[in-house]
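Engineer: Got a structure here, written out as structure tokens. Questions coming.
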DNA sequence: TTGGGGCGAACTGGGCACGCG
DNA sequence: ACGCGTGCCCAGTTCGCCCCA
């Protein structure tokens with residue numbers, strides 16, 4: 066402990082503290098400074114984080130509240146946030162949104178006074194109002210990819226642009242019957258992607274052909290969506306799937322149907338990840354900077370904690386959504402009214 | 066704070082503290098107890114975790130050091146550990162093994178005195194000797210899936226049995242030329258699986274046909290392994306892949322070759338996850354209880370911290386490895402010397 | 001008088017061993 | 001003996017003060 070270092074170096078704890086923390090206002094002889102530092106090093110002095118944060122207001126810890134870690138998409142956000150926090154000298158506490166919302170004792174352990182300097186909350190649904198409120202009431206918070214309309218700042222990627230890019234890719238290939246497989250109702254992320262899809266259709270004069278179905282975020286719900294789709298009168302020639310995990314299920318359901326991809330139907334999704342290249346058909350996707358999203362949330366939160374910078378929403382447009390072309394999209398087949406086909 | 070509650074309730078902080086902590090040795094009038102609790106509730110009193118852990122020795126926090134979170138396999142372990150810790154009333158700090166090993170300031174922030182009651186270290190490689198040492202020197206630790214030969218207790222699943230089960234599945238289908246695609250050299254997990262594979266071959270009198278190749282844990286390294294394999298003189302009729310992510314790459318490389326799965330070559334892997342059903346070919350795998358692994362590590366650590374239970378290695382055999390049959394394995398084709406084929 | 005160099009003590013929020021009426 | 005309060009401790013941080021050249 067500090068006392069030992071101070072005694073060993075022949076100074077008071079006060080001086081030892083200020084020397085070791087490189088307090089610029091302290092004035093000590095160079096010799097004394099050296100001695101204190103040498104002794105501390107020699108004794109392997111490690112400051113006691115708890116004692117330190119009891120006195121000061123800072124704990125050096127940031128809470129990461131995540132949901133659905135099974136999805137590699139969410140893990141990317143987590144990794145980005147974790148890594149940025151660590152680089153900034155903060156440790157990160159991990160919690161699971163559903164558990165926190167259900168189990169009040171977990172929530173209060175997590176939000177116990179003095180535990181955290183701030184919280185990053187990543188939620189795909191819009192259902193965590195109470196959680197957001199409980200958190201933001203006790204500590205500075207930043208929301209990732211969902212805006213609760215309150216005073217909590219939010220960080221987002223350009224979901225609409227990503228969905229528009231995906232849709233335009235299909236339009237350019239000649240598709241005119243493009244359906245959108247959305248996420249669960251109430252998901253703002255999904256809603257934003259849906260409006261990007263609709264906007265792209267509108268810009269190309271196809272607003273009338275918009276067709277939206279809802280699924281969950283899971284692969285199984287993608288399978289189920291395909292079953293439903295096949296019972297419908299006509300299959301669209303292309304599908305924009307709001308989520309890469311859902312799209313995995315879509316692809317294997319189409320394979321099992323069987324419906325040829327991309328010959329009979331093209332599929333494109335939002336978010337890129339390592340597994341897309343290895344699915345039933347290598348899946349074309351729009352890449353969004355998810356690690357950057359997590360990192361930006363961390364940066365915003367840390368700036369807020371340190372009182373730097375204005376606390377306002379961040380909208381990540383750089384790098385822009387990028388189309389990762391693989392094998393799941395192609396020209397529509399036997400729609401002879403499509404001029405692009407005639408040219409081919 | 067406690068003082069305010071005490072004042073408001075007309076008692077001393079000591080009494081307030083002991084009432085709120087349900088100290089069984091304290092003697093208070095029922096009326097007083099009620100009053101204190103009512104006031105605390107009304108004032109929304111939340112104990113200050115930092116002050117509390119400064120006095121006591123406990124912090125209520127457990128560190129989770131993970132590596133390669135991109136792999137859903139590792140995320141399963143994380144989820145199991147996180148969830149168990151949370152249920153036991155501990156919060157969890159997340160850190161990344163590589164970063165901790167490289168960046169000394171991150172390590173000391175993480176291991177700062179008073180921050181953690183213990184650490185769960187999950188590492189697939191055997192290269193973190195220094196990390197293990199630094200951690201275990203400053204706080205109780207538990208290793209997941211790797212034994213460093215030191216005094217640090219370890220929790221493992223039955224990798225050998227899983228690999229043996231996978232190999233036997235292939236042997237029973239009639240395969241005699243079964244290769245093993247191992248993980249990186251130095252990985253104890255991979256080594257244990259390799260010996261399970263060899264044991265199974267030996268039991269069936271095929272020890273001579275053992276053939277082992279090394280890859281990384283990534284999907285790309287699975288792709289690369291297939292390239293190498295195809296340049297070899299003869300392709301085996303079946304492949305046991307030590308890791309499901311690697312196997313993803315193997316399957317898509319085989320598709321692109323093309324080499325028909327399972328007609329020309331059967332593939333089976335260790336570890337089950339949601340994406341296996343959606344790969345180039347739905348992948349047969351051996352399921353190991355990974356969430357249980359994480360949870361068991363947490364339980365062992367918490368027992369250690371609380372001074373309960375003997376601190377010794379845990380070997381998880383329940384539930385036993387289970388074969389998840391999908392479409393990537395079948396009988397070997399044109400090996401006419403195999404009697405099973407003749408019967409077919 | 002001034003200022004370089006350093007020290008003492010209060011304070012952070014609670015826990016707990018005593019002790020008092 | 002019941003019911004409860006006083007005061008020190010945890011390990012640092014920091015403000016104000018002091019001493020001496």
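Chains as they are written, first to last, in our numbering: chain A, 66 to 409; chain B, 66 to 409. Cβ atoms here follow ideal geometry from the backbone N, Cα and C, with glycine treated the same way.
1. What do you get for residue 292 of chain B, buried or exposed, if any count of 16 or more other CB atoms within 10 angstroms of its CB means buried?
2. Can you give me, in chain order, the residues of the stretch 333-365 of chain B that have a beta carbon less than 9 Å from any beta carbon in chain A?
3. In the DSSP assignment, find the alpha helix (DSSP H) that holds residue 140 of chain A and state where it starts and stops.
4. Of all Cβ atoms in chain A, is any one closer than 8 Å to the Cβ of residue 159 of chain B?
5. Please say whether residue 315 of chain A and residue 246 of chain A have beta carbons closer to each other than 8 Å?
6. With DSSP as the reference, label residue 310 of chain B as helix, strand or coil.
7. Using Cβ-Cβ distances below 9 Å, what residues of the stretch 141-169 of chain A are close to chain B?
8. For a quick check, are the C-beta atoms of residue 79 of chain B and residue 128 of chain B less than 8 Å apart?
9. Using a Cβ-Cβ cut-off of 8 Å, state whether residue 393 of chain A counts as contacting chain B.
10. Measuring straight from C-alpha to C-alpha, what distance separates residue 155 of chain B and residue 174 of chain A?
11. Looking at chain B, is there any beta carbon in it that lies within less than 8 Å of the beta carbon of residue 175 of chain A?
12. Can you tell me which of B/325, B/108, B/109 and B/117 puts its alpha carbon nearest to the alpha carbon of residue 83 of chain B?
13. Measure the C-alpha to C-alpha separation of residue 317 of chain B and residue 326 of chain A and round it to an integer number of angstroms.
14. Ignore the nearest five residues each way along the sequence and tell me which others in residue 274 of chain A's own chain have a CB closer than 8 Å to its CB.
15. DSSP has residue 269 of chain A in a bridge; who is on the other side?
16. Got a sec? Which residues, its chain only, sit under 6 Å from residue 225 of chain B by beta carbon, not counting five neighbours each side?
17. Comparing the C-beta of residue 123 of chain A with each C-beta of chain B, is any distance below 8 Å?
18. Are any of the Cβ atoms in chain A nearer than 8 Å to that of residue 180 of chain B?
19. With 8 Å as the threshold, decide whether the Cβ of residue 137 of chain B is near any Cβ in chain A.
20. Distance check for residue 356 of chain A and residue 144 of chain A, CA to CA, integer angstroms please.
21. To the nearest angstrom, how far is it from the Cα of residue 195 of chain B to the Cα of residue 134 of chain B?
22. DSSP on residue 124 of chain A, reduced to helix/strand/coil?
23. Helix, strand or coil for residue 133 of chain B? Go by DSSP, reduced to three states.
24. Does the stretch 296-311 of chain A touch the stretch 268-284 of chain A, meaning 3 or more C-beta pairs lie closer than 8 Å?
25. Would you say residue 115 of chain A reaches chain B, if we count a Cβ-Cβ gap shorter than 8 Å as a contact?
26. Residue 79 of chain A CB to nearest chain B CB: under 8 Å?
27. Between residue 112 of chain B and chain A, is there a C-beta pair that is closer than 8 Å?
28. For residue 250 of chain B and residue 393 of chain A, what's the separation of their Cα atoms in angstroms?
29. Drop a sphere of 10 angstroms on the beta-carbon of residue 201 of chain B, count the other beta-carbons inside from all chains shown, and report buried for 16 or more, exposed for fewer.
30. Could you pull out every residue in the same chain whose Cβ sits closer than 7 Å to the Cβ of residue 73 of chain A, ignoring the five residues on either side in sequence?
31. Between the stretch 304-323 of chain B and chain A, which residues of the former have CB atoms less than 7 Å from a CB of the latter, in chain order?
32. Here's a check: name, in chain order, each residue in its chain whose Cβ is nearer than 7 Å to the Cβ of residue 345 of chain A, leaving out the five neighbours to either side.
33. For residue 383 of chain A, which residues of its own chain have a beta-carbon under 6 Å away from its beta-carbon, when the five flanking residues on both sides are left out?
34. Name the DSSP beta bridge partners of residue 245 of chain A, please?
35. Within 8 Å, do at least three Cβ pairs link the stretch 348-363 of chain B to the stretch 206-214 of chain B?
36. In angstroms with no decimal places, state the Cα-to-Cα distance between residue 181 of chain A and residue 149 of chain B.
Structural biologist: Working from what's here:
1. exposed
2. 338, 339, 340, 342, 343, 344, 345, 346 and 347
3. 137-152
4. yes
5. yes
6. helix
7. 141, 143, 144, 147, 148, 151, 152, 154, 155, 156, 157, 158, 159, 160, 161, 164, 165 and 168
8. no
9. no
10. 7 Å
11. yes
12. B/117
13. 16 Å
14. 241, 242, 243 and 266
15. DSSP, once it has assigned bridges, lists no residue as partnering residue 269 of chain A.
16. 257, 260 and 261
17. no
18. yes
19. yes
20. 7 Å
21. 21 Å
22. coil
23. coil
24. yes
25. yes
26. no
27. yes
28. 36 Å
29. buried
30. 104 and 108
31. 313, 314, 316 and 317
32. 316, 317 and 320
33. none
34. A/277 and A/305
35. yes
36. 21 Å
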